[in-house]
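First comes the structure, then the notes that go with it.
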Amino acid sequence: MLPGTIFEHDCSTRTKLRCEWRNDCPTTGDLQIALWRLESVGLYEPVKILLLQLKRIGDLILTTPAIAALRQSFPQAQLTLVVSQESADLLPAISNVDRILIARRNLRDLALFSSVATRRFDYCIDFTRNDRSASLALLSRARRRVVSYRVREQSKTRGHAYTDFVRVRMRDMHTIDYNLALLEPLRASHAPTAPRLDLPQIAYEKADALRHSWKLMRPYIILHPGSARQEKLWEPGRWADVIDYFDQNNGFDFVLTSGPSRDEQTHIAAIKNKAQQRITDLSGKTDLLTLAALISGARLLVTVDSAPVHLAGATCTPQVILFGPTNPFHWRPRESQAVILQGKSATPVTEFSPVQPRVPMSQISTEAVIGAMDSLLATHLATEPS
1436 MLPGTIFEHD CSTRTKLRCE WRNDCPTTGD LQIALWRLES VGLYEPVKIL LLQLKRIGDL
1496 ILTTPAIAAL RQSFPQAQLT LVVSQESADL LPAISNVDRI LIARRNLRDL ALFSSVATRR
1556 FDYCIDFTRN DRSASLALLS RARRRVVSYR VREQSKTRGH AYTDFVRVRM RDMHTIDYNL
1616 ALLEPLRASH APTAPRLDLP QIAYEKADAL RHSWKLMRPY IILHPGSARQ EKLWEPGRWA
1676 DVIDYFDQNN GFDFVLTSGP SRDEQTHIAA IKNKAQQRIT DLSGKTDLLT LAALISGARL
1736 LVTVDSAPVH LAGATCTPQV ILFGPTNPFH WRPRESQAVI LQGKSATPVT EFSPVQPRVP
1796 MSQISTEAVI GAMDSLLATH LATEPS
């Protein structure tokens, strides 16, 4: 069998091709989609699947298990991924796709629309659920255009862009599970659910160069306090207290990272002004892949709910995550060591619910963060070879 080979077939006729139906393949209707064995050579086309993920960096990382599941189920399929401009820097680390297109929200998208419209896709999976992705799904003219049923409930007009509506809601599931559930019409087998990034060698080389230039010779801990959303920020004085505690009690270098935006840089400056101990400030000095490589080499990451959470999850770096207005039920790492802090509790969150009130970041205490860090660092030391 040539796995991943899909044909449109009229089951009332049998010609030179012998149909080998999968056991779980639907058997109703004149036109069916199935896997075929060819009795003559070179008469097949691999299935073409369009994947629409136009959200942010974290969303793209949490889509990688679904991409891996498609590749595992259809090894010879042609997978085309459309991503947002905001996620473009991550693309060299995304594997299992054959072609990537970038939605830039300007006139250059005319080329994107043309490419999608002329590729003759068999399937389109929309992970995004907005007007732009609906337009691309419709343009694709794929015979099966898949999305959550909630799209049709929220907008009948947008619903006309799709043919298949999967009975799943984002609010009810972890984001990875939601993305995998959208593959149900393809009957794709589920690969391991851990997110995956294949960082290029140049990213590790840049990270090593930064460590040497900043003389980071000891094991290091990364603090990523920044976020584009002000309500996700933790108080600068508390970050400073964490830095001062660990500088006095442990042999680690501390590294600050963040994005280059003015608001994030202001937040970083406030932390540095309050901290009494030395700290290496790499905020705004790394591209996304170099940051991922730095995180992969860190002893620990401490961060608010932002993209580094998912970079650490994909590189198996232990982390302490401070959640406030967002719900860890949907976004927490599940395959790597992660301690979740939220609200006034002095102990980590271990039970999660799809419906949860927004909690101010100010409720998270310095003591809770230090305790979580101590716990993860002790676990790491206990597992190190003597």
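Just so we're aligned, residue 1436 is where the sequence shown starts under my numbering, counting upward by one.
For every residue, glycine included, the Cβ atom is placed at its ideal position computed from N, Cα and C.
>> I'd like to know whether the C-beta atoms of A1569 and A1596 end up nearer to each other than 7 Å.
In response: Cβ atoms of A1569 and A1596: closer than 7 Å.
>> Tell me the residue span of the alpha helix (DSSP H) that contains A1710.
In response: Note, A1710: premise wrong, no alpha helix (DSSP H); not H, not E.
> What does DSSP give as the partner residues of D1688 in its beta bridges?
Replying inline: Y1655
>> What does the Cβ neighbour count give for S1530, buried or exposed, with the cut at 16 atoms within 10 Å?
In response: exposed
> Between D1566, R1539, M1652 and L1574, which lies nearest to T1553 when the distance is taken from Cα to Cα?
Replying inline: Measuring from the Cα of T1553, the nearest candidate turns out to be L1574.
>> Just verifying my parser: in three-state terms, what is the DSSP assignment at T1785?
In response: coil
> Along the chain, where does the beta strand (DSSP E) that runs through V1737 open and close?
Replying inline: L1735 to V1739
>> Applying the 10 Å Cβ sphere with the 16-neighbour rule, what's the burial state of P1795?
In response: exposed
>> Which residue marks the beginning of the beta strand (DSSP E) containing S1583, and which one marks its end?
In response: Counting along the chain, the beta strand (DSSP E) containing S1583 begins and ends at R1579 to S1583.
>> Less than 7 Å between the beta carbons of R1653 and G1686, yes or no?
In response: yes
> Is the number of C-beta pairs between the stretch 1641-1658 and the stretch 1690-1706 that are closer than 8 Å three or more?
Replying inline: yes
> Between the Cα of I1775 and the Cα atoms of I1805, T1750 and A1749, which residue gives the shortest distance?
Replying inline: I1805
> Closest to G1719 by CA distance: which of G1694, L1735 and T1701 is it?
Replying inline: Among G1694, L1735 and T1701, the Cα nearest to that of G1719 is on G1694.
>> So for L1478, helix, strand or coil by DSSP?
In response: Residue confidence is low: L1478 scores 48 on pLDDT, short of 50, so the model does not pin down where it sits. Its coordinate-derived value is still stated next. Correct three-state label for L1478: coil.
> Which same chain residues, not among the five before or five after L1632, have their C-beta less than 6 Å away from its C-beta?
Replying inline: The residues are A1528 and A1749.
> My guess is that V1532 and L1489 are in contact by the Cβ rule of under 8 Å, so how many angstroms apart are they, rounded?
Replying inline: Wrong, their Cβ atoms sit about 15 Å apart, outside the cutoff.
> Does DSSP classify D1534 as helix, strand or coil?
Replying inline: The amino acid at residue 1534 is misidentified as Asp; the sequence shows Arg. Strand.
> Should the stretch 1553-1563 be regarded as contacting the stretch 1669-1680, the criterion being three or more beta carbon pairs within less than 8 Å?
Replying inline: no
>> For D1494, report the span of its alpha helix (DSSP H) as first-last.
In response: I1492 to I1496
> When burial is assigned at 16 or more other CB atoms within 10 Å of the CB, is G1464 buried or exposed?
Replying inline: Note that G1464 scores 31 on pLDDT, short of 50, meaning its location in the model is unreliable; the coordinates nonetheless yield the value given after this. Around the beta carbon of G1464, fewer than 16 other beta carbons lie within 10 angstroms, which makes this residue exposed.
> How big is the Cα-Cα spacing for D1607 and T1598?
Replying inline: 23 Å
>> Taking a contact to mean a Cβ-Cβ separation below 7 Å, would you say I1799 touches L1735 in this structure?
In response: no
>> Across the stretch 1511-1526 and the stretch 1608-1627, are there enough close Cβ pairs to call them in contact, namely three or more that are closer than 8 Å?
In response: no
>> Quick check on C1751: buried or exposed, where buried means 16 or more other Cβ atoms within 10 Å of its Cβ?
In response: Answer is exposed; the Cβ neighbour count stays below 16.
> How would you label P1768, buried or exposed, when you count the other beta carbons within 10 angstroms and need 16 or more for buried?
Replying inline: Buried, since its Cβ has 16 or more Cβ neighbours within 10 Å.
> Can you tell me whether DSSP reads K1779 as helix, strand or coil?
Replying inline: coil
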